[in-house]
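Chains as they are written, first to last, in my numbering: chain A, 1 to 222; chain B, 1001 to 1370.
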């Protein structure tokens, strides 16, 4: 039986600079995020969630799954460098794999959404991988929402987002709460029919421009 | 209170409200993020091994699990709520059919928007059944049904219409109610459609103009009342006709489709002149009234025992994705037109991930019910 599925990817920075409070906050947040997204009727029935961690390299920590079926969550562990290129490469190949699989199972799929969490201090070039992931020649190119946490570099956060960018103001709002609120609002918006806003017939996403505890940044146009 | 009217006596509101005057109901919260499942018990860990931390676990508690890349937190997933009295096709869904809170209405339609609308007609052309149900997501969020239908019998034709208010538009229920009713009552407009060259296009400027005026009257932007429109004019057979077929003129703005249901099968009816778009991903964008007023028009023929069904995409999507739902809905029309209550029960079934309003107006050709 086919369903309409919105794939969400949480891409998490596990570099050494995330050590301490940023990574701890994410780890304590993941079970909350799981509980909220997995049980929220607005989101649960039509989203699937995957987690990719990256540092020197990138790895899939949680395969794209129906969160209500997930019985184990990964724990993020800080490692070495901040290799954006590896993260973006891994993300692209995973999106292709997952979406082709879902479609072959008879599902229909919304454009994927990527929540990219980083402290925004990449240690290598990532431009060509970013272009490959986001260019119009990639039919499954995702909408990327960037969340800058810890000592994130504003310019990097703006540059990696295709759609919305936020930077943490202080630690009063946990990143998980922010993500969860954002994911719910985004799902509501994405699955609603909307008036075509662009000549190409694409849809202008209507989502919160503010996330509590975060400052909204302008997104660099690609 | 449900209408947003004054609450009297005011001291009855002692439980607090959602901040917008809508009272909390037992077991629910005005906060749409609130889970319907008890938090207690959910985090009960497995008997063996480390007990996973509760959601509010602090970092220190977590750290003992965070050694190495294979570390993980075990979770126990609760069973979905049993909804045995209500139909489910495919896997059960977190989102059930029963509303959890009353509708919060920012904008009033000229009519009260009920959760469900049912109507029917025994016509000389055949049996008409129409049901429009509020989508499960709209019930959950306390939003109104945005789909509408209307029909009318005139001199030598029957006219039916489905209008699907655009989900992202804040008063689209108003748009769909106005447009569907307007078109079935406007003879000049119906004549314009009936005399159009087919397959082709016809301009329905007057509808757009009226819709814009109504939006302005309510202090709304024209896009706030955006709606699709699909209309069918079913012509009586001429008295001396020996044809086995009944002819139907269809007009369509937006993405509410028309189907022929024949021997339990759904056959989508498309205007031969309209462009079809193939997409790798789900595309929810639509070009609705009043922004667009050019309708595709074409003619279809039906035989006795076949059913013309105008539906909203809330019906189209599960019909195309879930074969059990499609079959159950089509089978209702196999021998006769269904009893409206039977049609409602199947139409409103839970089909996981399909939670939009669902509307069908069908005419099964072949004489009267009795």
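For glycine and all other residues, C-beta sits at the position ideal for the given N, C-alpha and C.
- In the DSSP assignment, residue 134(A) falls within the unbroken alpha helix (DSSP H) covering 127-134.
- Listed along the chain, the chain A residues whose CB falls inside 7 Å of the CB of residue 1095(B) are 41 and 45.
- The three-state secondary structure of residue 69(A), taken from DSSP, is helix.
- For residue 4(A), the chain B residues whose C-beta falls within less than 8 Å of its own C-beta are 1282, 1317, 1321, 1353 and 1354, listed in chain order.
- The DSSP assignment places complete beta strand (DSSP E) segments of no fewer than 3 residues inside the segment 1283-1319 of chain B at 1294-1302 and 1307-1311, in order along the chain.
- Nearest Cα to residue 1346(B) within the set 1318(B), 1365(B), 1353(B) and 1363(B): 1318(B).
- Within the same chain, and ignoring the five residues on either side of residue 1132(B) in sequence, the residues whose Cβ sits closer than 6 Å to its Cβ are 1117, 1147, 1149 and 1359.
- If you draw a straight line from the Cα of residue 1244(B) to the Cα of residue 1366(B), it is about 10 Å long.
- The criterion of a C-beta distance shorter than 7 Å is satisfied by residue 1302(B) and residue 1308(B).
- With contacts defined by Cβ atoms closer than 7 Å, residue 1202(B) and residue 1297(B) form a contacting pair.
- As computed with DSSP, residue 1268(B) is found in a beta bridge with 1259(B).
- If you check the CB distance, residue 1159(B) and residue 1214(B) do not come in under 7 Å.
- Residue burial annotation: residue 1250(B) is buried, with at least 16 other C-beta atoms found within 10 angstroms of its C-beta.
- In the three-state DSSP reduction, residue 1340(B) falls in the helix class (H, G or I).
- Here residue 1212(B) has 1222 and 1290 as same chain residues with Cβ atoms under 6 Å from its own Cβ, once five neighbours each way along the sequence are excluded.
- Neighbours of residue 1075(B) in chain A, taken as residues whose beta carbon is under 9 Å from its own, are 31, 34, 35, 38, 70, 71, 72 and 73 in chain order.
- 1320(B) is the residue among 1320(B), 1332(B), 1341(B) and 1337(B) whose C-alpha sits nearest the C-alpha of residue 108(A).
- Put simply, of 82(A), 2(A) and 105(A) the residue whose alpha carbon is nearest the alpha carbon of residue 121(A) is 82(A).
- In this model, residue 1207(B) and residue 1165(B) are separated by some 15 Å (Cα to Cα).
- Note that the C-beta distance between residue 116(A) and residue 11(A) is below 7 Å.
- The beta strand (DSSP E) runs lying completely inside the segment 86-147 of chain A and spanning 3 residues or more are 113-118, given in chain order.
- Nearest CB-CB separation between residue 109(A) and chain B: below the 7 Å threshold.
- DSSP, read as helix, strand or coil, puts residue 1334(B) in coil.
- Residues of chain A with a Cβ closer than 7 Å to the Cβ of residue 1137(B) are, in chain order, 42.
- Beta-bridge partners of residue 4(A) (DSSP): 108(A).
- Using a Cβ-Cβ distance cut-off of 8 Å, the segment 1271-1286 of chain B and the segment 1321-1339 of chain B are not in contact, since fewer than three pairs of beta carbons, one from each stretch, lie closer than that value.
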